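Chains as they are written, first to last, in our numbering: chain A, 572 to 874; chain B, 4 to 210; chain C, 3 to 191.
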């Protein structure tokens, strides 16, 4: 970090890139889901149109200061998660602000947005919002358990809490990836990944028709625009995190795109061919097999 | 539209409106910007219509096939949204009874400013086959501003898609100003609504 | 079915017996006998299902007619028990203790015909109409067209086409003209 302004410029540049990447990913996923249904589906640039539309809504009603801050927290969570991770390993300008203890910070930031959102949505006073929040937080909490266990196993394996060092240890071919060197932790992490990517079978909390859209029931116009933008950030940031942790990171942008896209398609394809779990079922599912796998992964490196 | 005597139809804030629960501020007109940004926004509005999934009458059964593989309105960027806050297109599908009209008004007023209404079926135009019923309204445009009517009993999904096209054209021409019209003639609309909703137990403007 | 009709005739003085089909019969009983008749049909004859409870307005006779339509699942027969009540003071015994589903029917009839069922829970709550201040709308003396025209801003320009007249005009214009002319001449004389 020799020059502050250069670093800032690089951070904004990588944010811009990752934002567009996330938006396009969203469009591609709409298209894929539609094709699986046998439909044509919206155009790939539809998320951009939606974003412009919600930003162009002329009136917005705030229910109070926390309601206003909810999307801000959420946005901060997404950007924070992204900015404290090395995006492209070894690159000068996609290194972001990663530092030695960033793994803990990243785990915190995954949860941070959800909590801020919960506070904001609860102030809207709509009865469906707390319902969605309750389900969403339960879902995130329970998928966090196997993920945290997998992360602990990785930290024990590599003896570090820095994502950069974990990525560095995986360089030099597919045999060095954590997917090969630590398959049990990877299994637990990927099962947690399904729960965190908000696709079926684990998307009850934002089920659009059964409970009207979950937490953001009352959010509209610009508030919703920030949430949509955050969804692009958050999804790609989570993808990059999992790529860094288990699949050897990326040394250039094509590899980054290829790996994250494949990872996302894993969640999407599991989603489109599976029905939706109820919350009780998904909690039970998470605390059985994935958690057990995570515990085994931790135990393997404890003894 | 008839002349409105605003002195006569004065809007009163009733006592039962708890300010904690309802914002009773009256709607405001938000004028259009006369520049290229507005054109861009209009284009985005037209290409990303989110309709409120609220079936008021028998016509809502014709809306379901639109989401399926055969008609697939998602290729036009039209998607159903379950909450009026996020949607900007309200399809009044079929006959509207007085009881439903109350809910329609509440939902319509909760939608945000550029909002469009499609009246689906003859019932919304002149009452259709329920024109002499004691309980269904005859003309929807006396209660909320309507952008596009789709005639028929029932119109096929293709007719509804044609209605969407017409609405898109209207929005791109900058004529989809139902929300501002509602705010401008608020007293007239409210008087009409109160004429038929006898037990008015909600705030005059609930958003 | 014949035996059932005989039993009903002897027990409840059933009149106006009309066998619509061989498994479906209409009977008419006095207002005071109705609850007993329905109870008897339910408990002893196996007519356990209340298919329908509705009312008719006989404004010329100054009476309301209530129809209790019962179904027997075991031998697939229906009995429709009718009774006439006074139109001036319409009250009827509630049968919600026999069928819980009768509550909804009674609430509906209370709202649409104004027939009171004392003792039926929530019978005075609005059923489909909210804030209705006119006379009950299904009564014959309520002019629904007039009310609609006064209340709901009818759109001008509505005209109706009689199907028969329309077809005649389109397909057989000469014959229709001749026919109308003859009818007109006859009417004049």
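All C-beta atoms, glycine included, are put in the ideal place defined by N, C-alpha and C. Given the structure is predicted, the values throughout are model-derived calculations rather than measurements.
Using a CB distance cut-off of 7 angstroms, residue 50 (chain C) does not count as an interface residue toward chain B. Unbroken alpha helix (DSSP H) stretches of 4 residues or longer found wholly inside the stretch 76 to 122 of chain B: 101 to 113, given in chain order.
Burial state of residue 636 (chain A) is exposed, judged by a 10 Å Cβ sphere holding fewer than 16 other Cβ atoms. Beta-bridge partners assigned by DSSP to residue 56 (chain C): C:69.
When secondary structure is reduced to three states using DSSP, residue 51 (chain C) falls in the strand class. Chain C places no beta carbon closer than 7 angstroms to that of residue 91 (chain B), leaving this residue out of the contacts. In the structure shown, residue 134 (chain B) adopts coil according to DSSP, grouped into three states.
DSSP places residue 168 (chain B) in the helix class (H, G or I) of the three-state scheme. Taken through DSSP and simplified to helix, strand or coil, residue 856 (chain A) comes out as helix. Within the stretch 82 to 112 of chain C, complete beta strand (DSSP E) segments of at least 3 residues are not found at all. Shown here, residue 811 (chain A) sits in a helix according to DSSP, grouped into three states. By the C-beta density criterion, residue 125 (chain C) is buried, having at least 16 other C-beta atoms within 10 angstroms.
Residue contact check for residue 155 (chain C) against chain B: a CB pair falls below 7 angstroms. Along the length of the stretch 652 to 727 of chain A, whole alpha helix (DSSP H) runs at least 4 residues long occupy 673 to 694, reported in chain order. Counting along the chain, residue 764 (chain A) sits inside the alpha helix (DSSP H) bounded by residues 754 to 767.
Between the stretch 140 to 151 of chain B and the stretch 169 to 178 of chain B there are three or more C-beta pairs closer than 8 angstroms, enough to call the two in contact. Following the DSSP letters along the chain, one finds residue 23 (chain C) inside the beta strand (DSSP E) bounded by residues 17 to 23. In chain order, 121, 151, 153 place their CB closer than 7 angstroms to the CB of residue 166 (chain B), counting only its own chain and leaving out the 5 sequence neighbours on each side. Put simply, the CB of residue 149 (chain C) is near chain B, with a gap under 7 angstroms to one of its CB atoms. Contact residues of the stretch 102 to 117 of chain B toward chain C are 102, 105 (C-beta to C-beta distance below 8 angstroms). Residues of chain B whose Cβ lies closer than 8 angstroms to the Cβ of residue 130 (chain C) are, in chain order, 100, 102, 138. Taking each of C:180, C:162, C:130 in turn and checking the Cα distance to residue 170 (chain C), the smallest one comes out for C:180.
Ranking C:142, C:78, C:128, C:119 by CA distance to the CA of residue 23 (chain C) puts C:78 first.
Within chain B, no residue has its CB atom less than 7 angstroms from the CB of residue 116 (chain C), the nearest being about 14 angstroms off. When only Cα atoms are considered, residue 39 (chain C) and residue 110 (chain C) end up about 23 angstroms apart. For residue 833 (chain A), the enclosing alpha helix (DSSP H) covers residues 824 to 844.
Cβ proximity to chain C below 8 angstroms picks out nothing from the stretch 156 to 182 of chain B. Taking 7 angstroms as the CB threshold, residue 139 (chain C) lines the interface with chain B. Residues of the stretch 183 to 204 of chain B with a Cβ closer than 9 angstroms to any Cβ of chain C, in chain order: 195, 198, 199, 200, 201, 202, 203, 204. Residue contact with chain B for residue 629 (chain A): present (Cβ-Cβ distance below 7 angstroms to some residue of chain B). The beta carbon of residue 610 (chain A) falls within 7 angstroms of a beta carbon belonging to chain B, placing the residue at that interface. Counting C-beta atoms within 10 angstroms of its own C-beta, residue 87 (chain B) has 16 or more neighbours from the protein chains shown and is therefore classed as buried. Around residue 62 (chain B), the same chain offers 96, 97, 123, 124, 157 as residues with beta carbons nearer than 7 angstroms, after the five sequence neighbours per side are excluded. Under the three-state reduction of DSSP, residue 204 (chain B) is assigned to coil, being neither helix nor strand.
For residue 7 (chain C), the enclosing alpha helix (DSSP H) begins and ends at 4 to 14. Neighbours of residue 790 (chain A) in chain B, taken as residues whose beta carbon is under 8 angstroms from its own, are 88, 89 in chain order.
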